[in-house]
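>
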Amino acid sequence: MKMPMQQCLVDDFEVIDNVHLGEGWFRLDIEAPSIASTARAGQFVQVRIGSTDDPLIRRPFSIFDVGPEPGPDATMLRLLVQRVGPGTTAMMQLSAGDRIHLMGPLGHPMPRPSLGEDGVLLLIGGGIGVAPLYFYCRELAAEGSPLKHQVLLGARSSALLIGIEAFHKIGVETHAATDDGSCGFHGNVIELLEEKLASFSDLGQVSGIGCGPHGMNLALRDIAIERDLDFSISLENYMPCGFGACFGCVIEGPADQPLRYRRVCVEGPCFPVRELPEKF
Ligand SMILES: Cc1cc2nc3c(=O)[nH]c(=O)nc-3n(C[C@H](O)[C@H](O)[C@H](O)COP(=O)(O)OP(=O)(O)OC[C@H]3O[C@@H](n4cnc5c(N)ncnc54)[C@H](O)[C@@H]3O)c2cc1C
Ligand code: FES
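Take a look at the structure:
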């Protein structure tokens, strides 16, 4: 389901906390009521690093959570960040009282599948993909949604299963897969998904949303296409601007639709697998 574009704010906001979680991961809490109160799961913000005015020097981050609860009274925006380069290193050094420049919320929310009473939505994540999936679960809880959902999270080892505690805390059924077998299923999250799918008698009652590293997303698309599953995948393509101006994030659109190329930042970032090209 595509939602109408909402207002996108650009401003400086105050950092309230920066919680270091180990292994180069941290959670930034930012007082940003104008963004937090309208943000929906699957949307992202662009963070400007440093003092440049160049709109292309921004970095995209999924909204991990808003507080105290998702909805119009939310004032706090939370980002879950993995340090990988200069921008995220600068963000890791921010502390309470510092200002951070944000643009958002950007992109479309993740879809809500319409499933019957017996339907189950599988949320499949790896790496930084856990961030939007957690916000999705928080939204479902805040709305009192009857949609049954389970989370499948993959990482190389238990130390890298960042965010799993957060899912447990809000009572979501969460299954882990680790490459080295140090927690949960011994194997990758796609193998865990295969095992899970085999336990359903009617795959027509199963929907899925995936968000993870490129390799995971490709494998997920292949499985969903092969089995004709109603799955969507949220992409994390490199995004120079994040608001549709540069075409630096495009993927090929479906042949039967008017747009030859689709900007992941504007038309996405989440797409039904049937609309994804073989390579993306
Ligand atoms: C829609 C979206 C949502 C995102 N959400 C999050 C999030 O919630 N938490 C988080 O930690 N990160 C997230 N990212 C990734 C984040 O934007 C990058 O890690 C960040 O831009 C890196 O900036 P840097 O200056 O630290 O490193 P850079 O020097 O820019 O990059 C360091 C390394 O990471 C690679 N890289 C940079 N961006 C990406 C990307 N988008 N995909 C794959 N590889 C990349 C570069 O090629 C390079 O090898 C998201 C990206 C997108 C597009
Ligand atoms: S990042 Fe510039 S158009 Fe998508």
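Counting from 3, one number per residue, gives the positions in the sequence shown under the working numbering. Every residue gets a Cβ at the ideal spot worked out from N, C-alpha and C, and that includes glycine. The model shown is predicted, which means the values in this text are computed figures rather than measured ones.
Starting from the C-beta of Ala92, find all residues in its chain whose C-beta is less than 8 Å away, skip the five residues before and the five after it, and write them out in chain order.
If we look at Ala92 and ignore the five residues flanking it on each side, its Cβ neighbours are Ile51 and Gly52.
> Using a threshold of 6 Å, is the CB atom of Tyr240 nearer than that to any non-hydrogen atom of ligand 1?
yes
> Jot down the residue ranges of each uninterrupted beta strand (DSSP E) in the stretch 10-44, minimum 3 residues, whole runs only, in chain order.
Runs of the beta strand (DSSP E) inside the stretch 10-44: 11-24 and 27-33.
> Output the boundary residues of the beta strand (DSSP E) element that contains His110.
Note, His110: premise wrong, no beta strand (DSSP E); not H, not E.
> With a floor of 3 residues, list each beta strand (DSSP E) that falls wholly inside the stretch 204-269, ordered by position along the chain.
Qualifying beta strand (DSSP E) stretches, in chain order: 208-213, 232-236, 252-254 and 263-265.
> Is Gly186 helix, strand or coil when you go by DSSP?
When DSSP states are grouped into helix, strand and coil, Gly186 belongs to the coil group.
> For Gln207 and Gly118, which I take to be in contact (beta-carbon distance under 8 Å), what is that distance rounded to the nearest angstrom?
So it is a contact: roughly 7 Å between Cβ atoms.
> Since Asp75 and Ser39 should fall inside the 8 Å C-beta cutoff, what is the C-beta to C-beta distance between them, to a whole number of angstroms?
Contact between Asp75 and Ser39 holds, since their C-beta atoms are separated by about 7 Å, short of 8 Å.
> Decide yes or no for the touch test of the stretch 169-187 against the stretch 128-139: beta carbon pairs closer than 8 Å, at least 3 of them.
yes
> Grab me the residues of Gly26's own chain with a C-beta within less than 7 Å of its C-beta, minus the 5 sequence neighbours each way, in chain order.
Gln84 and Arg85
> My output table needs one value for Phe1: the three-state DSSP class, helix, strand or coil.
Since the first residue of the chain shown is 3 and the last is 282, residue 1 is not available in this structure.
> What would DSSP say about Ile172, mapped onto helix, strand or coil?
coil
> Since Leu124 is in the beta strand (DSSP E), which residue starts that stretch and which ends it?
Annotation for Leu124: the continuous beta strand (DSSP E) segment containing it runs Val122 to Gly128.
> If you count every other CB in all the chains shown that lies within 10 Å of the CB of Ala221, and 16 or more means buried, which is it?
buried
> Regarding Gln48 and ligand 1, is the C-beta to nearest heavy atom distance less than 6 Å?
no
> With H, G and I counted as helix, E and B as strand and the rest as coil, what does DSSP make of Ser64?
strand
> Skipping 5 residues on each side, what residues in its chain have a beta carbon closer than 6 Å to that of Ser184?
Closer than 6 Å at Cβ, skipping near neighbours: Ser159 and Ser160.
> Out of Val47, Ser36 and Leu81, which one is the CA nearest neighbour of Gly73?
Ser36
> How about Phe273: is its Cβ closer than 6 Å to a heavy atom in ligand 4?
As presented, the structure is devoid of ligand 4, carrying ligand 1 and ligand 2 as its sole ligands.
> Using DSSP's beta-bridge definition, name the partner residues of Pro274.
Ser234
> Should His151 be labelled buried (16 or more other beta-carbon atoms within 10 Å of its own) or exposed?
buried
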